[in-house]
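Written out below as structure tokens is the structure these notes cover.
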Amino acid sequence: MEHRIEAAIELAAKAHLNQVRKGTDIPYVTHPYMLGMMLMEAGCSEDQIIAGILHDTVEDTWVTLEYIQEHFGERVAVIVAGCTEPDKKLSWKKRKQHTIEYLRTAPREICIVACVDKLHNAWSILKEYEKVGDAVWDRFSRGYEDQKWYYESLIESLGTQFDKGNRVESYEALKQVVERLFER
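Right, here's the structure in full:
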């Protein structure tokens, strides 16, 4: 198990080299590392953990789904593909709408990885909000209202997966963080 996870960590470190979290000097790679740790703590499969570590590589770096499939297997590639937004040439709204709709019916193992991703993103925004206040929204191409729409829509969409007696701790945590983040 450790060998594949270590290989994923090494790939994420290379792929995200010199990237930082929005509006901070925090190395971007801390985000996929946290996802891997959170997924491991939640008892997820090795493939989900690896996919969590690699989830943004296809969207934001030179890594391709073919590369992931070749080095980590088809299941990891499928999960990463499920967590990857469509073509960046589409508008922000269309990409987010696609994610929201996709997660309504996506396989559970993809929804869990996506949920943990959104949880860590929302938690990171909340942490920054507590430091800089409303200026945090200036770091995004879309501000408070659009981010609120997106996160609340994600909760509704993921709720179709997790509200039917299939509770997932990360989903409950996401709901709480989003409520805190957008309360005014």
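The sequence shown begins at 1082 in the numbering used here and counts up one residue at a time. All C-beta atoms, glycine included, are put in the ideal place defined by N, C-alpha and C. Quick caveat: nothing in here was measured; it's all calculated off a predicted structure.
Other residues of its chain near residue i: CB distance less than 7 Å, five sequence neighbours each side excluded
| i | result |
| --- | --- |
| I1130 | I1086, G1117, L1120, M1121 |
| C1192 | L1184, L1239, Q1242 |
| A1203 | Y1232, L1255, V1258, V1259, L1262 |
| R1220 | K1103, G1104 |
Euclidean distance between Cα positions of residue i and residue j
| i | j | result |
| --- | --- | --- |
| E1250 | R1261 | 17 Å |
| G1163 | R1176 | 13 Å |
| T1138 | E1264 | 32 Å |
| Q1178 | S1205 | 22 Å |
| G1124 | A1187 | 20 Å |
| A1216 | E1226 | 14 Å |
| E1151 | V1157 | 10 Å |
| I1107 | H1084 | 26 Å |
Residue i versus the options, residue with shortest Cα-Cα distance
| i | options | result |
| --- | --- | --- |
| D1141 | R1156, V1161, I1193 | V1161 |
| G1154 | S1222, A1089, D1227, R1220 | A1089 |
| G1133 | H1201, P1167, K1256 | H1201 |
| V1197 | L1146, G1214, F1243 | F1243 |
| Y1231 | K1256, K1208, K1212, E1211 | K1256 |
| E1091 | Y1114, R1102, V1101 | Y1114 |
| T1145 | D1128, Y1252, G1104, A1096 | A1096 |
For residue i, the first and last residue of its enclosing alpha helix (DSSP H)
| i | result |
| --- | --- |
| Q1228 | 1225-1243 |
Beta carbon of residue i nearer than 8 Å to that of residue j
| i | j | result |
| --- | --- | --- |
| E1233 | V1259 | yes |
Residue i beta carbon near the ligand COA (any heavy atom closer than 7 Å)
| i | result |
| --- | --- |
| Q1228 | Absent from the structure shown: the ligand COA. Ligands present: none. |
Cβ-based neighbour list, residue i, same chain, cut-off 6 Å, excluding 5 preceding and 5 following
| i | result |
| --- | --- |
| Y1210 | V1217 |
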